Structures are given as C-alpha cells and as structure tokens.
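The next block holds one structure in the form of structure tokens; read it before the comments.
Chains as they are written, first to last, in our numbering: chain D, 177 to 432; chain X, 11 to 177.
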C-alpha cells in the first residue's frame, strides 16, 4: 500500500497581528493510504473544514508540508494549480455546487471536458457511472428538478469520473434527510470499494462517520484521538464513535 | 460542451438579468438616435433655407458626453453581473478549469447578450428617431413624414461603441 496523502506537522493561523491570532490547525500529522476511506470529526471550530481546505489547495498552510501523491502541494505554482486539481482531486460539497444551467448529464460531462477527455468517450463514461449510482434515469433533468439526494449523487459522479487520486467530501450529508443520507453514504462506500477511490470525509454526524474505516477526531486544531474500525461491524464502530464523542465534550456532549 | 455552457448561461441570463439587456438596449437606442441626426445621410426635406450642420455639430458634443455616462452605467452593470456569477466561477475553478477558459466563457456570454441588445436597440431606435425627426421638422414648420431609413455610418458607429464598452 502506498501513501496517497501525507500531512506533516501542519499549522494554519488566521489573522496577522500578534495579539489577534487564531490557531486553526496546530501541528497536525497523519497519512492516508491508497484506497482508504477516512473520516474527520470534531466540534464546530475544531479546524476540520480548515484542514480539508488546506488539503484541497483552496487554502494555503502557515507551516508544515502536505504531500499528495508525493507532490508538495504548497510548492505548486499558480499556473499548474488547475491542472493539478483536475487530475488529482474530486470534490463533494455540503450544498452540492452543481451548475444550475446544465443538466445532470452535462454537469458530469463538464468535468470530463475540462480534463480534455475526447468527446466520443464522454457519453459511455457518464452512462456507466450514473447507472452504478442510480441516477441514470434523471440525467436529462436540471439540478433544480431533482431531489437533494440525487443532486449529491450527481456530485459524487462528477467527483469520481476523472478517477482522481483523492476525493474530498465536506459534510456530504449535511443538507440531506436521513434516508437520502443513508443512500448517499452507500454511494460513497461504493466509490470506495468498487472504484478503489481514496476518500477523506469531514463530518460531525456520527452515523455518517461510521461508514469510514478510520476516524480522526480533531479538537482545537489538534488530533485528539484516532480510531480504526478494523473488523468490527458498523454498529459497533458507531458506538465507539459515540464513546469518543462523549470524551471529546464540547458541543457534542448531548448526542447520547 | 463549452459552447453549450455559454449558450445556456446566456439563455438563463436573458431571463435573469433582464436589467442588463434593458440598460444596454436603452444605451444603444439613445446613442443611435442622437448619432443618426448627425449622420451625413440624414437630410430631411426641410428646404434649402436651413442649415442643420450647426445642429449636428452641437449634437456631436452631446453624444460624447452621453457616451461617457453610458460607459459608467454599463461598467456598473457588468460588475453586478460578475458578482452574481462568483459562485459559478468558484465551482469551475475547483473543478480545475483554467482561468483563461473561464474568462473566455464569460466574454462569450457577454458578447451574445451585447449582440441581442444591439439588435433590439437599433430596432427601437428606428421608432424613436421618427419622433425626433418629427419634432425637428415641426420646429421648422414642416409637417412630418415617416421615413424608414437605416443610416449605415450610424449603425457602424453604434456597433463600434457597443463593443468598445463591452470589452
């Protein structure tokens, strides 16, 4: 197994004056193996979204290194950035972020067009992935004509279609009801098992996190605890997550 | 695919940003109307007694002034549009689209809308110039007659103006 993502002693500060500095990330180190499905949990303000933004090249780090596929992402030049993003990263957002002016089919095809995939191959690729994710029948509809769950599964299809090295999901179930959440999490698991995608998912929902194989808990910008599922069932893992969340305290204390 | 995106966006923009089209159309209308009077093809039958050269010269100064105002107006509306499309640009950047491509797409969209406004503006103007013409002729004590003409130099000038403002 090769390491796809290595985060080494990363720090991120907000604000520049000496008195008014916020340490969003405070010396975080971890690594992700190829084909892993990893969850990042923590209370709001613990720095989980900041961490994701740093990994996804949206935000830059104050110190430390992040290696994605053996490449230091803080040293990528501006003009290579878009190429790096489209070849290495796939994104799933809380609020879908599909283009409203395009149909679901075109939204997925756009990702392929951007990656300069030949026109003839696009249709078969899109059809294949959407059949698998169960949105083949709504491909001709516009994002505002389909349900939130279908939109998010379309976003998943868009994220996986270029076979990126890493898929980053920021609260993917945040805007969905419990049934759609469950279907979406099954979808994400499908991406992980059948397409061998490496997934980093940020969430504060213990149920969503229980789908992951390994979970990092963040507190005040530091890694508070790390638990691995191993061979346990999802239910057992879910209970272990709740135990850690109780330990974590903060605004997550009431979940039990 | 990119062409589709541009067309769809323009289509949606025509619905959403009616204000943009209206502003541009009005600008084009006003510009064309005033320029047409100073056109050398414009010679209404008002007899040899009157010389409208003086009027058209005065008009040219006015046109410069109006153009100046219109440029500010259009720049403002353009910025407003950019603000509205911020999210779309963000998505495209995250998907890994090159910045140059994004700029080209937006330019294409703006051009389509510019052309639509230009067409509408020139049609509207033909109507408006009748009124101006009639007004002018009545001042000279001649009963106005309807003449439908398109002044080639004015059309060219208006098109040049529009593209200058848009780019």
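The C-beta atom is built at its ideal place from N, Cα and C for all residues, glycine as well. Quick caveat: nothing in here was measured; it's all calculated off a predicted structure.
C-alpha distance - residue i paired with residue j, whole-angstrom precision
i: residue 308 (chain D); j: residue 98 (chain X); result: 27 Å
i: residue 425 (chain D); j: residue 88 (chain X); result: 49 Å
i: residue 110 (chain X); j: residue 228 (chain D); result: 26 Å
i: residue 235 (chain D); j: residue 141 (chain X); result: 59 Å
i: residue 432 (chain D); j: residue 21 (chain X); result: Because residue 432 (chain D) sits at a pLDDT of 47, beneath the cut-off of 50, its placement in the model cannot be relied upon, and the following sentence gives the value as read from the coordinates. Rounded to whole angstroms, residue 432 (chain D) to residue 21 (chain X) spans 51 Å at the Cα level.
i: residue 11 (chain X); j: residue 271 (chain D); result: 24 Å
i: residue 148 (chain X); j: residue 134 (chain X); result: 22 Å
i: residue 317 (chain D); j: residue 278 (chain D); result: 9 Å
i: residue 423 (chain D); j: residue 268 (chain D); result: 29 Å
i: residue 137 (chain X); j: residue 79 (chain X); result: 23 Å
i: residue 331 (chain D); j: residue 273 (chain D); result: 8 Å
i: residue 201 (chain D); j: residue 182 (chain D); result: 15 Å
Beta-carbon gap between residue i and residue j smaller than 8 Å
i: residue 287 (chain D); j: residue 334 (chain D); result: yes
i: residue 315 (chain D); j: residue 101 (chain X); result: no
i: residue 357 (chain D); j: residue 363 (chain D); result: no
i: residue 252 (chain D); j: residue 105 (chain X); result: no
i: residue 188 (chain D); j: residue 249 (chain D); result: no
i: residue 389 (chain D); j: residue 408 (chain D); result: no
i: residue 325 (chain D); j: residue 367 (chain D); result: no
i: residue 38 (chain X); j: residue 168 (chain X); result: yes
i: residue 343 (chain D); j: residue 266 (chain D); result: yes
i: residue 340 (chain D); j: residue 264 (chain D); result: yes
i: residue 281 (chain D); j: residue 302 (chain D); result: yes
i: residue 33 (chain X); j: residue 83 (chain X); result: yes
i: residue 186 (chain D); j: residue 223 (chain D); result: no
i: residue 360 (chain D); j: residue 329 (chain D); result: yes
i: residue 417 (chain D); j: residue 391 (chain D); result: yes
i: residue 17 (chain X); j: residue 76 (chain X); result: no
i: residue 31 (chain X); j: residue 127 (chain X); result: yes
Residues sharing a beta bridge with residue i, DSSP
i: residue 75 (chain X); result: None, per the DSSP bridge assignment.
i: residue 144 (chain X); result: Bridge partners of residue 144 (chain X): none, in fact.
i: residue 345 (chain D); result: D:268, D:377
i: residue 401 (chain D); result: D:393
i: residue 179 (chain D); result: D:209
i: residue 29 (chain X); result: DSSP, once it has assigned bridges, lists no residue as partnering residue 29 (chain X).
i: residue 6 (chain X); result: Any answer about residue 6 (chain X) is impossible in this case: the structure gives chain X only from 11 up to 177.
Cross-chain neighbours of residue i in chain C, by beta carbon under 7 Å
i: residue 166 (chain X); result: Absent from the structure: chain C. Protein chains present are D and X.
For this session: Within the region 365-392 of chain D, note down every full beta strand (DSSP E) run reaching 3 residues or more, in order along the chain.
Result: Taking only runs of at least 3 residues, the beta strand (DSSP E) segments lying wholly in the region 365-392 of chain D are 375-378.
Exercise. Using 8 Å as the Cβ pair cut-off and three pairs as the minimum, do the region 391-402 of chain D and the region 212-224 of chain D touch?
Worked result: Yes: at least three Cβ pairs fall under 8 Å.
Exercise. Do the region 250-261 of chain D and the region 296-311 of chain D meet, that is, are 3 or more Cβ pairs less than 8 Å apart?
Worked result: The region 250-261 of chain D is not in contact with the region 296-311 of chain D.
For this session: Jot down the residue ranges of each uninterrupted beta strand (DSSP E) in the region 196-279 of chain D, minimum 3 residues, whole runs only, in chain order.
Result: The qualifying runs are 198-209, 213-218, 239-244, 265-268.
Exercise. Does the count of Cβ pairs from the region 362-378 of chain D and the region 202-215 of chain D closer than 8 Å reach three?
Worked result: By the Cβ rule, the region 362-378 of chain D counts as touching the region 202-215 of chain D, because three or more pairs are nearer than 8 Å.
For this session: Count the CB pairs spanning the region 191-202 of chain D and the region 340-347 of chain D that are closer than 8 Å, and state whether there are at least three.
Result: The answer is no - the region 340-347 of chain D does not touch the region 191-202 of chain D, with fewer than three Cβ pairs under 8 Å.
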